[in-house]
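*Asks:* In terms of my numbering, the sequence shown opens at residue 33 and continues consecutively.
Positions of the beta carbon are idealized from the N, C-alpha and C atoms, including for glycine.
Have a look at this one before I ask anything.
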Amino acid sequence: MPPTNGAIGEAWQLYKAHWRHLLPISLVVYVAIAVIGVVLTAVLSWFGALLAALISVVGLFWVQGALVTAVDDIRDGRSDLSLRETFDRIRPQLGSIVVAGVLAGLGVVLGLLLLIVPGLVLMTWWVLIIPVVVLERATAGAAFGRSRELVRGYGWNVFGVIVLTLLVLLAFEIVLSIVLSPLSGWLQSLFSSIVSGTLTAPFIALVWTLLYFRLRDAKSAPAVERPDAAGTVG
33 MPPTNGAIGE AWQLYKAHWR HLLPISLVVY VAIAVIGVVL TAVLSWFGAL
83 LAALISVVGL FWVQGALVTA VDDIRDGRSD LSLRETFDRI RPQLGSIVVA
133 GVLAGLGVVL GLLLLIVPGL VLMTWWVLII PVVVLERATA GAAFGRSREL
183 VRGYGWNVFG VIVLTLLVLL AFEIVLSIVL SPLSGWLQSL FSSIVSGTLT
233 APFIALVWTL LYFRLRDAKS APAVERPDAA GTVG
């Protein structure tokens, strides 16, 4: 049985058990990004919007790193780190997280533009770069190779987890858009970004981080004979 089996179910169980600890981590960042964006755009017009976008990039990667740290913290069944301690712990790796995340995002987008398949392959290979940077203190450059190494041999299984996760998120976004439909356009956009980010970012972090631990443990376990599952994306 591949180590990816049951990753989404385990992520959901941890989400339900620890949402009171996880949601404030994402909430504080998404609210701050939204408020900063509104203020800077109102005061500085297009330059403020550009500045807000740059700040949001850093903020979004910071919360990803913080959530990976939080997931690692709760794997023993309890949360030992406070909100501030969680963000403080990730600060030394923030530069590597931002660089790796931006480069991976650009690579995946470019790959999707090149007949889609290359982008899906890169998305699968690089899905673990943030957990690798945070949990192994890897540099941005080293994280790409390490993520590829962990995914190797389980590419199709990892790709399946990615697809299922995206389908769950799509279903949530559809429901959220229906709930917020009575609001005016700008309010819909504001509340959608805050609510969606707050609720979904912890789940995504749970899935990716659990994948990291499962694949790391599988790679460190004694070798056993099994069919080659690499395929196109392995």
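Quick one: is A84 buried, meaning 16 or more other Cβ sit within 10 Å of its Cβ, or exposed?
*Replies:* Translated into the one-based positions of the sequence shown, residue 84 becomes position 52. It counts as buried.
*Asks:* Output needed for F93: all residues of its chain with C-beta closer than 6 Å, excluding positions within five of it in sequence on either side, in chain order.
*Replies:* Here residue 93 corresponds to residue number 61 of the sequence shown, with the count starting at 1. Result list for F93: I129, V130 and G133, in chain order.
*Asks:* By how many angstroms is the C-alpha of L231 removed from the C-alpha of W44?
*Replies:* Against the sequence shown, residue 44 aligns to sequence position 12. Against the sequence shown, residue 231 aligns to sequence position 199. Cα to Cα, the separation comes out at about 12 Å.
*Asks:* Is the beta carbon of D112 less than 9 Å from the beta carbon of T241?
*Replies:* Position 80 of the sequence shown, counted from the start, is the residue given in the question as residue 112. Position 209 of the sequence shown, counted from the start, is the residue given in the question as residue 241. It is not a contact, given that the beta carbons lie outside the stated cut-off.
*Asks:* Would you tell me roughly how many angstroms separate the C-alpha atoms of P56 and R123, rounded to the nearest one?
*Replies:* For this step, residue 56 is matched to residue 24 along the sequence shown. For this step, residue 123 is matched to residue 91 along the sequence shown. Cα to Cα, the separation comes out at about 18 Å.
*Asks:* Can you give me the start and stop residues for the alpha helix (DSSP H) that R248 sits inside?
*Replies:* Looking up residue 248 in the sequence shown gives position 216. Counting along the chain, the alpha helix (DSSP H) containing R248 begins and ends at G217 to S252.
*Asks:* Excluding the 5 residues preceding and the 5 following M155 in the sequence, name in chain order all residues of the same chain whose CB lies nearer than 6 Å to its CB.
*Replies:* Here the question's residue 155 lines up with position 123 in the sequence shown. Counting only Cβ-Cβ distances below 6 Å, and skipping sequence neighbours, we find V140.
*Asks:* Which word fits I162, buried or exposed, when buried means at least 16 other C-beta atoms lie within 10 angstroms of its C-beta?
*Replies:* Indexing the sequence shown from 1 puts residue 162 at position 130. Buried is the call here.
*Asks:* Would you grab the beta carbon distance between S224 and L208 for me? Rounded to a whole angstrom, and I think it's under 8 Å.
*Replies:* Numbered from 1 along the sequence shown, position 192 holds the residue referred to as residue 224. Numbered from 1 along the sequence shown, position 176 holds the residue referred to as residue 208. Contact holds; Cβ gap of about 6 Å.
*Asks:* Could you give the first and the last residue of the continuous alpha helix (DSSP H) run that contains I206?
*Replies:* Translated into positions along the sequence shown, residue 206 becomes position 174. Looking at the DSSP string, the run of the alpha helix (DSSP H) that includes I206 is G187 to L212.
*Asks:* With distance defined between alpha-carbon atoms, name the residue in A102, T101, T73 and V100 nearest to S88.
*Replies:* Residue numbering aside, residue 88 sits at position 56 when the sequence shown is read from its first letter. Closest option to S88, Cα to Cα, is T73.
*Asks:* Is the beta carbon of L135 less than 9 Å from the beta carbon of F191?
*Replies:* Along the sequence shown, read from residue 1 onward, the residue named residue 135 stands at position 103. Along the sequence shown, read from residue 1 onward, the residue named residue 191 stands at position 159. No, Cβ-Cβ distance for L135 and F191 is not below 9 Å.
*Asks:* Once DSSP output is grouped into helix, strand and coil, what is the label at M155?
*Replies:* Taking the sequence shown and counting its residues from 1, one reaches residue 155 at position 123. Of the three classes helix, strand and coil, the one that applies to M155 here is helix, per DSSP.
*Asks:* Got a sec, what are the start and stop residues for the alpha helix (DSSP H) A81 sits in?
*Replies:* Along the sequence shown, read from residue 1 onward, the residue named residue 81 stands at position 49. Residues A39 to I106.
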